[in-house]
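Notes follow the structure.
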Amino acid sequence: ITVITWNVGTAMPPNDVTSLLHLNTGETNDVDMIAIGLQEVNSKINKRLKDALFTDQWSELFMDVLSPFHFILVSTVRMQGVILLVFAKYYHLPFLQDIQTDCTRTGLGGYWGNKGGVSVRLSIFGHMVCFLNCHLPAHLEKAEQRKEDFATILHMQQFEGPVANGILDHDLVFWFGDLNFRIESLDICFVKYAIDSNVLSQLWEKDQLNIAKSTWPVLRGFQEGPLNFPPTFKFDVGTNKYDSSAKKRKPAWTDRILWKIKPPSKGLGTGGHRPSQGVLSVSQLCYCSHMEYTVSDHKPVAAIFAVQFASKVDKPLVEIYVADEWSRPEQAVVRYKMAVGFHRSSWDWIGLYRVGFRHPKDYVSYVWARSDDGERCLEKQLCVSGLQVMFSEEALPKGNGEYILGYYSNTSNSIAGVTEPFQISLPRSEEGSSSSDSSGSSSEEDDSTLVLLAPKSRSPSPGKMKRHRSRSPSLAKFQGLILRPSSRDRGTSRSPSPQSRRSLPRNIPIIHLPQDELGHHAGKSKELGQAAKNPEGSSFYQTVQEQGGLRCVSADSSLARADPRNLGLLPALRLEMIDQALGQQQESSDQGYYPCRKMSPASPPGCGTSPKEGHSP
């Protein structure tokens with residue numbers, strides 16, 4: 052297990068992190084898991100909004116670098132600028148279960164997340180392991196505050212399940228981060244002299260964390276390797292020189308990695324006897340800093356551990372069987388067998404992944420892992436084998452490549468079974484026809500049909516992608532209108548305009564027009580009326596009826612029945628009640644014209660023009 056901690060100081064990621072991850076050395080080819088703890092990732096409001104929509108740049112970088120080495124992102128958790136990423140080799144995924152995350156804020160009395168801790172806990176081959184990334188208060192005089200904050204984090208973080216509810220209840224705990232412990236008593240000149248002379252042991256006994264490990268009960272049992280690397284704080288950004296600013300901060304080992312093995316139980320408790328002694332052992336193979344990275348005022352620190360334990364789990368919860376090669380669509384059959392006691396969900400699915408995928412949702416396509424026969428079989432508990440599903444031809448990737456199948460458990464939010472890599476060799480010439488066929492029938496697919504998604508899809512869960520059907524009325528009667536799609540056709544609106552969120556009144560009032568106004572524009576009305584005739588050959592002007600000197604549009608006409616909510620009209624309409632219209636008519640009658648009113652685009656062409664102008668708007 053490789054553990055890395057780095058206070059990145061709101062900097063952008065460097066171009067290359069292979070040396071930090073120890074991927075270019077032969078001694079670490081056998082690394083199975085990598086835990087990366089970051090602090091002070093840029094969390095300004097504009098950056099957080101972007102990261103909420105897309106994966107942050109640091110996580111993207113590590114996934115891009117680690118995926119070619121078959122490392123998959125198992126879990127991640129973020130609290131403002133504090134991020135924790137846990138990776139593992141893909142073939143270990145079925146044995147990593149009960150994955151949970153938690154975070155605790157300690158900044159500003161517990162209301163701000165610039166300081167605190169984030170954790171990922173999981174069962175590794177049956178042993179409970181917790182990774183805890185912390186950013187504790189800064190400054191030399193805040194040692195007691197650091198102790199209190201760490202105790203708060205241990206107390207507040209609780210997990211669900213029958214075992215290992217607290218952090219220290221786990222069989223193995225890795226505690227790392229910017230712990231901000233400083234060097235006491237010694238002045239800056241002596242500290243720099245010891246660093247330059249490579250006599251770092253003279254600084255160890257004055258290190259606050261070394262002192263606390265022997266005096267603070269909360270740190271009892273935590274172990275750390277020797278500090279054989281120079282202090283990792285504080286450097287001038289872009290250099291390997293210690294702080295040359297006016298503050299002249301004293302160098303310190305602020306970035307640390309510790310571990311703790313759960314002591315053996317002294318007796319049988321309610322949860323049974325879970326001894327750790329003789330079953331789990333940890334040895335540190337490497338503990339070093341990386342001076343080559345200069346984007347921050349901190350240097351990253353890495354540690355490699357060899358963890359040995361007796362495996363409590365030797366078989367995955369789901370075993371998947373597949374042919375060595377898919378060269379024809381009818382060969383895309385997947386058979387799987389579930390272990391007794393596996394908590395199956397109707398939302399479980401089997402994903403098809405390219406070799407080198409980045410995380411469990413980075414599938415090429417998937418199919419729901421359920422069938423009628425399988426449901427009846429599980430209900431009767433008569434068998435747990437013989438289940439099978441089949442990928443549709445439209446969903447299979449074209450061309451040649453290596454792929455892996457994985458069974459995703461919705462209950463545990465993890466992959467419960469994987470296959471070895473196998474070949475898919477399908478001709479590319481069928482790509483066009485397959486995509487066209489699938490697009491025409493995707494809306495009719497049932498739950499068992501696979502939906503083809505983008506290769507780098509990060510959908511939180513696979514869902515049915517049904518095409519929205521238009522429920523708008525026929526628009527043939529309004530040939531002169533240019534209408535935008537309704538909200539049902541567009542899906543959820545992302546327009547910032549508040550008009551798209553307002554509902555129009557259901558009682559659309561009758562629009563009243565003066566008789567002499569219509570008579571004045573009779574010629575214009577006839578011409579435009581001919582252009583606006585409906586398919587039945589009747590113009591909406593033919594529905595105008597005479598009532599006491601005014602002409603009104605009949606409520607039975609297509610114009611009066613037209614509801615803008617059904618037509619999807621985006622412009623706002625200012626609708627006036629009849630008493631308001633009559634009042635404005637009386638006020639404007641002496642002026643010889645009527646005030647313009649905003650009406651439906653199908654209103655008669657005379658509104659808003661003075662008789663003196665003699666033209667239509």
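Counting in our numbering, the final residue of the sequence shown is number 668, and the numbers go up one at a time with none missing. Just so you know, even glycine gets a beta-carbon here, dropped at the ideal spot from N, CA and C.
Threonine 53: member of the beta strand (DSSP E) spanning 53 to 58, first to last residue. In the three-state reduction of the DSSP assignment, aspartate 200 falls in the helix class.
Looking at the backbone, the Cα of methionine 441 and that of alanine 383 are separated by about 6 Å.
Following the DSSP letters along the chain, one finds methionine 84 inside the beta strand (DSSP E) bounded by residues 84 to 90.
Here lysine 101 carries a helix assignment [DSSP, helix/strand/coil]. Beta bridge pairing from DSSP links leucine 477 with Gly450. Secondary structure at threonine 266: helix, using DSSP grouped into helix, strand and coil.
If the five residues before and after glutamine 259 are omitted, its C-beta is found closer than 7 Å to the C-beta atoms of Ala194, Phe232, Arg233, Glu235, all from its own chain and listed in chain order. Under the three-state reduction of DSSP, phenylalanine 146 is assigned to helix.
In the DSSP assignment, valine 384 falls within the beta strand (DSSP E) that extends over 384 to 389. If you draw a straight line from the Cα of glutamine 439 to the Cα of tyrosine 387, it comes to about 6 Å. Inter-segment contact for the region 330 to 338 and the region 284 to 292 is absent: fewer than three beta-carbon pairs are separated by less than 8 Å. Measuring C-alpha to C-alpha distances from tryptophan 400 to each of Arg197, Pro268, Thr462, Arg271 identifies Thr462 as the nearest. Measuring C-alpha to C-alpha distances from threonine 283 to each of Gly276, Asp306, Arg395 identifies Asp306 as the nearest. Counting along the chain, isoleucine 239 sits inside the alpha helix (DSSP H) bounded by residues 239 to 247. With a cut-off of 8 Å on Cβ pairs, the region 99 to 119 is not in contact with the region 144 to 162, counting fewer than three such pairs.
Assignment of asparagine 165 by DSSP, reduced to helix, strand and coil, places it in the strand class. Following the DSSP letters along the chain, one finds phenylalanine 182 in no alpha helix (DSSP H) but inside the beta strand (DSSP E) bounded by residues 178 to 186. Going by C-alpha positions, lysine 298 is about 11 Å away from lysine 285. Per DSSP, reduced to three states, the secondary structure at methionine 63 is coil, with no helix or strand assignment. At a Cβ-Cβ threshold of 8 Å, valine 418 and tyrosine 404 do not count as neighbours.
Nearest Cα to valine 352 within the set Glu445, Pro268, Phe280, Asn249: Phe280. Straight-line spacing of the CA atoms in valine 59 and threonine 53 works out to 18 Å. When DSSP states are grouped into helix, strand and coil, glutamate 376 belongs to the strand group. The Cβ-Cβ distance between glycine 177 and valine 364 falls below 8 Å.
Beta-bridge partners assigned by DSSP to leucine 117: none are found. Scanning Leu187, Pro367, Ile87 for the CA closest to the CA of histidine 143 turns up Pro367. In the three-state reduction of the DSSP assignment, glutamate 211 falls in the coil class, being assigned neither a helical nor a strand state.
Excluding residues up to 5 positions away in sequence, Ile234, Glu235, Ser236, Leu237 lie with their Cβ nearer than 8 Å to the Cβ of lysine 257 in the same chain. Looking at the DSSP output, methionine 441 bridges to Val384. When secondary structure is reduced to three states using DSSP, glycine 160 falls in the helix class. Judged by beta-carbon spacing, isoleucine 312 lies beyond the 8 Å limit of alanine 354, meaning their Cβ atoms are not closer than that value. If you draw a straight line from the Cα of isoleucine 371 to the Cα of isoleucine 466, it is about 12 Å long.
Rounded to the nearest whole angstrom, the CA to CA distance from lysine 412 to proline 315 is 38 Å. Per DSSP, the unbroken alpha helix (DSSP H) holding tryptophan 255 starts and ends at 252 to 255. Of the residues assessed, leucine 72 falls on the buried side of the cut-off, its CB having 16 or more other CB atoms within 10 angstroms.
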